[in-house]
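The working numbering numbers the first residue of the sequence shown as 3 and each following residue consecutively. The next block holds one structure in the form of structure tokens; read it before the comments.
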Amino acid sequence: MFDIRMSERGEILLSGRCDASQAEKAEQFFSGVTDSRVVDFRDLEYISSAGLSVLLATQKRLNESGDSLKLKNLNEYIRDVFRYAGFDTVFEIE
């Protein structure tokens with residue numbers, strides 16, 4: 003199960019497993035993001051390459067207007083995935 007929602011503070015909250023079967027859901031949500039946002043990974047257990055692709059496309063689109071995604075609360079596994087993919091240089095990670 004994968005869930006994505008906006009908190010009252012305007013942070014994007016991810017939970018569950020973002021795999022290829024959930025990438026379209028993530029893409030639909032992130033297509034509506036038009037300014038800088040914090041993405042909280044606290045409750046996300048897993049992210050696949052399809053999920054990474056959605057985040058990367060969103061980051062590139064936002065960068066064109068001077069905005070960006072800032073990522074926080076990545077677990078050790080997801081932090082390693084970002085590092086191995088070289089995304090730790092593309093995103094600001096807390």
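For each residue, glycine too, the CB sits at the ideal point set by N, CA and C.
Within the segment 16 to 79, complete beta strand (DSSP E) segments of at least 3 residues are found at 39 to 49, 71 to 74, given in chain order. Of the candidates Asn-77, Leu-73, Asp-45, the residue whose Cα lies closest to the Cα of Met-3 is Asp-45.
Its chain contains Ile-6, Phe-43, Leu-46 as the residues whose beta carbon lies nearer than 6 Å to that of Leu-16, once the 5 sequence neighbours on both sides are disregarded; these appear in chain order.
Between the alpha carbons of Gln-30 and Leu-57 lies a distance of about 12 Å.
Residue pairing by DSSP places Arg-7 opposite Leu-15 in a beta bridge. Contact annotation: Arg-39 and Gly-12 have beta-carbon atoms nearer than 9 Å. Here the alpha carbon of Asp-21 sits roughly 25 Å from the alpha carbon of Asp-37. Excluding five sequence positions before and after Met-8, the CB atoms of its chain that fall closer than 7 Å to its own CB belong to Ile-14, given in chain order.
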